[in-house]
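Visitor:
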Amino acid sequence: MVRTFFTVLITAGATREYLDPVRFFSNASSGKMGYALAAAARRKGHRVILVSGPVNLKAPAGVRVINVTSAREMLQAVKTEQRKADIFIGAAAVSDWRPEVFRRGKIKKTNAPVTVAMRLNPDIVRYMGSIKGGRVLVGFALESHRILERAKAKLSQKNMDLIVANGPENIGSDKARITLISRDLRIKRLPPASKTLLAQRILDEAISLRNNGAADKTLLRRRGLA
Ligand code: C5P
Numbered sequence: 189m190v191r192t193f194f195t196v197l198i199t200a201g202a203t204r205e206y207l208d209p210v211r212f213f214s215n216a217s218s219g220k221m222g223y224a225l226a227a228a229a230r231r232k233g234h235r236v237i238l239v240s241g242p243v244n245l246k247a248p249a250g251v252r253v254i255n256v257t258s259a260r261e262m263l264q265a266v267k268t269e270q271r272k273a274d275i276f277i278g279a280a281a282v283s284d285w286r287p288e289v290f291r292r293g294k295i296k297k298t299n300a301p302v303t304v305a306m307r308l309n310p311d312i313v314r315y316m317g318s319i320k321g322g323r324v325l326v327g328f329a330l331e332s333h334r335i336l337e338r339a340k341a342k343l344s345q346k347n348m349d350l351i352v353a354n355g356p357e358n359i360g361s362d363k364a365r366i367t368l369i370s371r372d373l374r375i376k377r378l379p380p381a382s383k384t385l386l387a388q389r390i391l392d393e394a395i396s397l398r399n400n401g402a403a404d405k406t407l408l409r410r411r412g413l414a
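By the count of this note's numbering, the sequence shown reaches residue 414 at its end, each step adding exactly one.
Here is the structure:
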């Protein structure tokens with residue numbers, strides 16, 4: 189049966205990993221693509237839950253926003269909401285590492301060089317891939333070199349259905365050049381366009397995968413039933 193309305197869970201923006209009350213590590217990401225995806229899904233009448241790192245963007249009307257700061261908070265919010273989701277889109281630029289120790293007081297500046305020990309953060313898309321079920325999972329790969337090859341590797345390592353491959357020139361821009369790669373390694377290079385238009389294309393692709401049962405077939409295959 190073809191369904192028209194879904195619950196779409198989206199992560200957006202960059203996370204912040206604080207070293208002390210005023211200093212943090214983060215990624216260069218405006219959050220524009222994640223917010224454009226939320227707006228596109230809302231325009232089509234879907235229920236949208238947006239888990240967002242700190243951004244300078246206004247949330248689209250009708251979207252439920254959960255504001256978080258760090259990767260661990262983002263994972264916690266996703267864990268709480270994932271049960272409701274038919275489609276999960278990981279558009280956040282999650283910080284790969286966080287400082288091992290958070291200092292409660294501001295660290296005093298001296299002339300000595302500083303070394304910060306960093307610890308690996310949880311991977312939110314990988315977590316969603318590990319509990320996938322019938323959901324369609326969409327992720328992004330931002331790479332400066334060997335973009336398609338690395339995107340394909342991430343697609344399979346994180347158990348995604350669709351990955352959006354793109355380069356660093358898209359950061360902060362209102363326009364983007366992206367390539368879509370699906371689980372069966374079909375490649376679609378889209379002409380450069382606004383993030384608003386591209387978000388619509390990504391969403392259409394995710395919905396068609398959901399309606400064609402790509403995720404359900406994967407689940408059956410894993411259970412040895414197809
Ligand atoms: O950082 P990386 O290139 O591995 O990101 C690929 C995908 O995984 C993106 O969709 C990103 O949002 C997601 N990711 C995540 N949690 C991380 C790192 C990446 O959800 N800790």
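Each residue gets a CB set at the ideal place from its N, CA and C atoms; glycine is no exception.
Under 7 Å, do Ser283 and Glu205 count as touching if we go by C-beta distance?
Guide: Yes, the pair counts as a contact, with Cβ atoms nearer than the cut-off.
Visitor: In three-state terms, what does DSSP make of Ile369?
Guide: The answer is strand: DSSP assigns Ile369 an E or B state.
Visitor: Please report how far the alpha carbon of Val304 lies from the alpha carbon of Val236, in whole angstroms.
Guide: Going by the C-alpha atoms only, they are around 38 Å apart.
Visitor: What residue range is occupied by the uninterrupted beta strand (DSSP E) comprising Arg235?
Guide: Start and end: Arg235 to Ser240.
Visitor: When burial is assigned at 16 or more other CB atoms within 10 Å of the CB, is Phe194 buried or exposed?
Guide: Classification for Phe194: buried.
Visitor: Considering Ile198, what are the terminal residues of the beta strand (DSSP E) in which it resides?
Guide: Run containing Ile198: Thr195 to Ala200, per the beta strand (DSSP E) assignment.
Visitor: Mind listing, in chain order, the continuous beta strand (DSSP E) runs of no fewer than 3 residues lying wholly within the region 212 to 287?
Guide: Fully enclosed beta strand (DSSP E) runs of 3 or longer: 235 to 240, 252 to 255, 275 to 278 and 285 to 287.
Visitor: Who are the near neighbours of Arg230 in its chain, counting only those whose CB is closer than 8 Å to its CB and skipping five residues on each side?
Guide: Counting only Cβ-Cβ distances below 8 Å, and skipping sequence neighbours, we find Val236, Pro248, Ala249, Gly250 and Val251.
Visitor: I'd like the span of the alpha helix (DSSP H) that includes Arg338, first residue to last.
Guide: Its alpha helix (DSSP H) spans residues Ile335 to Gln345.
Visitor: Taking 6 Å as the cut-off, is the CB of Asn358 close to at least one heavy atom of the ligand C5P?
Guide: Asn358: no, Cβ never under 6 Å from the ligand C5P.
Visitor: Round the Cβ separation of Val313 and Lys346 to the nearest angstrom and send it over; I've been treating them as touching at under 8 Å.
Guide: So it is a contact: roughly 5 Å between Cβ atoms.
Visitor: Could you tell me the boundaries of the beta strand (DSSP E) in which Ala329 lies?
Guide: Looking at the DSSP string, the run of the beta strand (DSSP E) that includes Ala329 is Val324 to Leu330.
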